[in-house]
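A short worksheet on the structure shown next.
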Amino acid sequence: MFDGTPCHTLYVKNLNDKIKKIELTRQLYAMFSTYGMVLDIMVSKAPKLRGQAFITYKDISDAANALKRMQGFPFYEKAMMISFAKRESHVITQAKKYVPPKDERTLAKETNAKLAAKKKPAGDEEEPAATIYVENLPDEANESMLNLLFSQFPGFKKSRPIPAGGKAFVEFADPGAATSAKDALQGFKVTPDRPIKLTYAKN
DNA sequence: AGCACA
């Protein structure tokens, strides 16, 4: 088909390019909107685009009808030459994006997740703190060993091992610094079988 | 003659 494959947008050329952009747009709208809802009209004075217009309809059938009816129509002493645009306009492609419906399992999962989140609001959701609580350390872990581990991180202040407990507090300048260290060392194996566990200290 | 907009 010489007009191209049907499309929501009409490509109009051979327009009188001496007409001001706003006026052209307004006149085109007046005529073309009589065939159906026009979503957008684009005219440009750019060298490559002068004398042309893109007219986008909500419905393809209206676009097709307008094309047929307006083809060759004299407009400011020039016959309009109309075809379907090569590509759909963005207004159309954006609106066409298909959102797959959620199946029941997905919905149930989401509902459960929401309910669970409500049950324990601040429960095991960690509140960032400047001090980290370290667990699963070897019993013999002491301050200098902890310093060795944590002082490589910016903002490190001091380590406070809990005597003989395999646990320690490590202080940082602020929660941000503590977070970097915590994330970096999470699960770090001090000995081959001992991943340490890091959480924020509770105030 | 010439097909853009995000």
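If you're matching positions, the first sequence starts at 34 in this note's numbering and goes up one per residue. We put the beta carbon where it would ideally sit given N, CA and C, even for glycine.
Cβ-based neighbour list, residue i, same chain, cut-off 6 angstroms, excluding 5 preceding and 5 following
i	result
residue 104	115
residue 176	192 and 194
residue 42	87, 89, 118 and 122
residue 163	205, 207, 208 and 211
residue 220	228
Residues near residue i in its chain [Cβ-Cβ closer than 7 angstroms; skip 5 each side]
i	result
residue 197	172
residue 97	39
residue 54	76 and 78
residue 124	72, 73 and 89
residue 190	204, 205 and 206
residue 304	The requested residue 304 does not occur in the structure, where the chain is confined to residues 34 to 236.
residue 61	74, 86 and 88
Candidates the options, of which the one nearest residue i by Cα
i	options	result
residue 213	93, 223, 226 and 232	232
residue 158	178, 234 and 125	234
residue 179	162, 160, 163 and 203	203
residue 120	201, 44 and 236	44
residue 102	183, 67, 52 and 56	67
residue 65	81, 91, 50 and 127	91
Collapsed DSSP secondary structure at residue i in the structure displayed
i	result
residue 162	coil
residue 125	helix
residue 200	strand
residue 184	coil
residue 192	strand
residue 107	strand
residue 176	helix
residue 229	coil
residue 222	strand
residue 88	strand
residue 154	With a pLDDT of 46 at residue 154, under the threshold of 50, the modelled position of this residue cannot be trusted; read the value that follows with caution. Residue 154 falls in the coil class under three-state DSSP.
residue 116	strand
residue 52	coil
residue 215	helix
Residue i vs residue j beta-carbon contact at 8 angstroms
i	j	result
residue 169	residue 215	no
residue 36	residue 69	no
residue 112	residue 47	yes
Chain-order list of residues whose beta-carbon lies under 8 angstroms from that of residue i (same chain, five-residue window excluded)
i	result
residue 217	186
residue 199	168, 169, 170, 171, 172 and 174
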